[in-house]
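Below is one structure, written out as structure tokens, with a few remarks after it.
There are 2 protein chains.
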Amino acid sequence: MYAIGIDIGGMSIKAGLVKDGKMVDCNRKTTAPTSDLAIEGIVEQINELLVKNSLSIKDIRGIGLGAPGLVSSESGVVEYCPNINWNKVPVVDILRKKFDTEIKLSNDANVAALGEARFGAGAKFNSSIMLTLGTGVGSGIIIDGKLFEGGESKGSELGHMVIKVGGEKCGCGRRGCLESYASATALIRITKNAMSEDEKSAMWQFVGGDIDKVDGRTAFECAKSGDGTANKVVDEYVSYLAEGIMNLANIFRPETFILGGGVSAQGKYLTDKLKAYCEKYEYGYKYAPKSDIVTATLGNDAGIIGAAALVL
Amino acid sequence: MYAIGIDIGGMSIKAGLVKDGKMVDCNRKTTAPTSDLAIEGIVEQINELLVKNSLSIKDIRGIGLGAPGLVSSESGVVEYCPNINWNKVPVVDILRKKFDTEIKLSNDANVAALGEARFGAGAKFNSSIMLTLGTGVGSGIIIDGKLFEGGESKGSELGHMVIKVGGEKCGCGRRGCLESYASATALIRITKNAMSEDEKSAMWQFVGGDIDKVDGRTAFECAKSGDGTANKVVDEYVSYLAEGIMNLANIFRPETFILGGGVSAQGKYLTDKLKAYCEKYEYGYKYAPKSDIVTATLGNDAGIIGAAALVL
Chain Y
715 MYAIGIDIGG
725 MSIKAGLVKD
735 GKMVDCNRKT
745 TAPTSDLAIE
755 GIVEQINELL
765 VKNSLSIKDI
775 RGIGLGAPGL
785 VSSESGVVEY
795 CPNINWNKVP
805 VVDILRKKFD
815 TEIKLSNDAN
825 VAALGEARFG
835 AGAKFNSSIM
845 LTLGTGVGSG
855 IIIDGKLFEG
865 GESKGSELGH
875 MVIKVGGEKC
885 GCGRRGCLES
895 YASATALIRI
905 TKNAMSEDEK
915 SAMWQFVGGD
925 IDKVDGRTAF
935 ECAKSGDGTA
945 NKVVDEYVSY
955 LAEGIMNLAN
965 IFRPETFILG
975 GGVSAQGKYL
985 TDKLKAYCEK
995 YEYGYKYAPK
1005 SDIVTATLGN
1015 DAGIIGAAAL
1025 VL
Chain B
715 MYAIGIDIGG
725 MSIKAGLVKD
735 GKMVDCNRKT
745 TAPTSDLAIE
755 GIVEQINELL
765 VKNSLSIKDI
775 RGIGLGAPGL
785 VSSESGVVEY
795 CPNINWNKVP
805 VVDILRKKFD
815 TEIKLSNDAN
825 VAALGEARFG
835 AGAKFNSSIM
845 LTLGTGVGSG
855 IIIDGKLFEG
865 GESKGSELGH
875 MVIKVGGEKC
885 GCGRRGCLES
895 YASATALIRI
905 TKNAMSEDEK
915 SAMWQFVGGD
925 IDKVDGRTAF
935 ECAKSGDGTA
945 NKVVDEYVSY
955 LAEGIMNLAN
965 IFRPETFILG
975 GGVSAQGKYL
985 TDKLKAYCEK
995 YEYGYKYAPK
1005 SDIVTATLGN
1015 DAGIIGAAAL
1025 VL
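In structure tokens form, the structure reads like this:
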């Protein structure tokens, strides 16, 4: 059975036709400046997918949408999303008037987690927690195969769990959030600080002497080549992320954690280090039901496939 | 309808007859040294309650048990509980052979949370998180009126969420757990440290000059009388507990937090301070669905009433 997934982003809106958990066709539009225009565009994108694939709306199980920001999945309203300029937009109701099918909405991080859980790295697990290690730390929680979004579907903000009271300032206003230590942004900060204190580190060469060229790969790649300072950066980063993972293991005991986002490209090199760190602790990990730690597999398609999974 | 709740503790085992969420009769036995003897005692306690109240097992909706330590509620087995010397005890199966009624088991902290949620401070809320501020920090999570225990019913260990990486050593082996900052034990440590640094604090008078007499009330009572150092201790304690509460609000967005255990006896004085701290933060609390913070009302009966609630 087909479903359509819509991935609403700050730069573009992607619409995909999904069958058996795989994307079989997709199109993309630059995000329009107002919600009215953007939704008009989404209607066109959906119709285009249907026509191009010789399908009618009756061949579609439903339409799922993932949107950034504060979203009420129960009422189908995008409450507040400054980076696409949407404010209290009842997108589900609006689309229902155009398409006679099931339509569902959720937060983009939750949707990506659902996609990975159903059709990606989490497919063989019944419960999982996805952490997306990018500019921030996004997250989604799957319990018994279903999204857990918290009260009024506004929870599941695992990146804003403080792991170091009084620590680094976070964009959310608190100090010491997991996001301030485990995002790619945080990794870059830790890397730059370490480089400033060691002018002989191989990381300087890696970025051609230009500290502004440091990214989430710098420390990892130089650590693999044996640079001591880079290894310290990686160990520090791993320790923070692992502490966050153990916190969540103690709360949820999911069968697996799934890492997505830029930093997760380190794959097994990263997950092996995380597991080794966690194994040191008996209570939180070793003698409790063990949670695996794996890397996401759907990549950029997670948003579309996950949105479609809302109605699959 | 009646139900029987069994509260298994390190010192004593209490059995109570519960009707309409209230305890109408109870008895107590010193905890026997082996699980066989203890379960024999529980059978006697149950029969005693039935006979004394002229009831047969058919008048009883079921029997619920709350046990400390590692418990598998799905299989009805107390896996590991060193302080009562139980190890892989299938207590539910054993009792089923004696009583033809529904029998359920859960962890004691979860059971207390369920009791408060159904018949105590959480009765008007659909979701709640209970934190028991005693020797450690116990916890229970109620989502949509039901206990959420995590994978293999071994999660919900909110006291072992690290809020300060590299901080105080916790009994679980990690450093910086909420329990190491928000338990009564932690409050006593913070109080003693502050007293050591201020020999003029009124807290010295409060404990008759004997620092070993410091307890969870010392700082709170002296803060109320205006002692500056005591106020600092209370503010520090409140900040740690509030950071933990905001973390959990960001994850679960429960309708309310319920505080139990010794420190919660401070009632509104404590909850007002916690709310004032949380209100300072927009993201975690102010602009998100608001979670109330209230004090538990069932006191020592929460264990029995909560155990009975497992079958009600």
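Line by line, the protein sequences give chains Y and B. Add 714 to a position in the first sequence, counting from 1, and you land on the number used in our numbering. Add 714 to a position in the second sequence, counting from 1, and you land on the number used in our numbering. Backbone N, C-alpha and C fix where the C-beta goes; we use that ideal spot for every residue, glycine too.
With at least 16 other beta carbons inside 10 angstroms of its own, residue 821 of chain Y counts as buried. For residue 879 of chain B, the nearest beta carbon of chain Y is closer than 8 Å to its own beta carbon. Residue 787 of chain B sits buried, since 16 or more C-beta atoms from the chains shown fall within 10 Å of its C-beta. Residue 751 of chain Y and residue 777 of chain Y have their C-alpha atoms spaced approximately 19 Å apart.
Residue Y:802 holds the alpha-carbon nearest to the alpha-carbon of residue 785 of chain Y among Y:1009, Y:802, Y:774 and Y:772. Here residue 835 of chain B is near residue 1010 of chain B, since their CB atoms are less than 8 Å apart. Neighbours of residue 967 of chain Y in chain B, taken as residues at a C-beta separation under 8 Å, are given in chain order as 864, 865, 866, 868 and 869.
Proximity of residue 832 of chain B to chain Y, defined by a Cβ-Cβ separation below 8 Å, is not satisfied. The beta carbon of residue 841 of chain Y falls within 8 Å of a beta carbon belonging to chain B, placing the residue at that interface. Per DSSP, the unbroken beta strand (DSSP E) holding residue 862 of chain B starts and ends at 860-862.
Apart from the 5 residues on each side of it in sequence, residue 1005 of chain B sits with its Cβ closer than 7 Å to the Cβ of 963, 967, 968, 969, 970 and 971 in its chain, given in chain order. Going by C-alpha positions, residue 854 of chain Y is about 15 Å away from residue 961 of chain Y. Going by DSSP, residue 832 of chain B is part of the alpha helix (DSSP H) stretching over 822-833. Judged by beta-carbon spacing, residue 848 of chain Y lies within the 8 Å limit of residue 897 of chain Y, meaning their Cβ atoms are closer than that value. Looking from the CA of residue 761 of chain B, the closest CA among B:744, B:731, B:735 and B:783 belongs to B:731. In the three-state reduction of the DSSP assignment, residue 799 of chain Y falls in the coil class, being assigned neither a helical nor a strand state.
According to DSSP, residue 1009 of chain B shares a beta bridge with B:973. Interface annotation, residue 1003 of chain B: in contact with chain Y, CB-CB separation under 8 Å. Listed in chain order, the non-local C-beta contacts of residue 829 of chain Y below 6 Å within the same chain comprise 1012, 1016, 1019, 1020 and 1023, local neighbours out to five positions each way being set aside. Note on residue 954 of chain B: 16 or more other CB atoms within 10 angstroms of its CB, so buried under the neighbour-count rule.
In the displayed model, residue 903 of chain B falls within a helix according to three-state DSSP.
Within the segment 753-783 of chain B, the complete beta strand (DSSP E) runs of at least 3 residues fall at 774-781.
When DSSP states are grouped into helix, strand and coil, residue 992 of chain B belongs to the helix group.
Pairwise C-beta distances place the segment 983-997 of chain B out of contact with the segment 739-747 of chain B, as fewer than three of them are shorter than 8 Å. Under a criterion of Cβ atoms nearer than 8 Å, the residues of chain Y adjacent to residue 872 of chain B are, in order, 964 and 965.
For residue 957 of chain B, the neighbours in chain Y by C-beta distance under 7 Å run, in chain order, 876 and 879. At least one beta carbon of chain Y lies nearer than 8 Å to the beta carbon of residue 887 of chain B. Residue contact with chain B for residue 767 of chain Y: absent (no Cβ-Cβ distance below 8 Å to any residue of chain B). When the Cα atoms are used, residue 873 of chain B and residue 1002 of chain Y turn out to be separated by approximately 15 Å. With a threshold of 8 Å between beta carbons, residue 801 of chain Y makes no contact with chain B. Taking residue 782 of chain Y as the centre and dropping the five residues before and after it, the same chain places the C-beta of 795 and 822 closer than 6 Å to its C-beta, in chain order. When 7 Å is used as the limit between beta carbons, residue 961 of chain Y is near these residues of chain B: 875 and 876, in chain order. For residue 954 of chain Y, the residues of chain B that pass the 7 Å Cβ criterion are 879, in the order they occur in the chain. Legend: CB atoms of the segment 923-951 of chain Y lying less than 8 Å from CB atoms of chain B are not found in any residue.
Residue 721 of chain B and residue 933 of chain B have their C-alpha atoms spaced approximately 31 Å apart. Of the residues assessed, residue 844 of chain B falls on the buried side of the cut-off, its CB having 16 or more other CB atoms within 10 angstroms.
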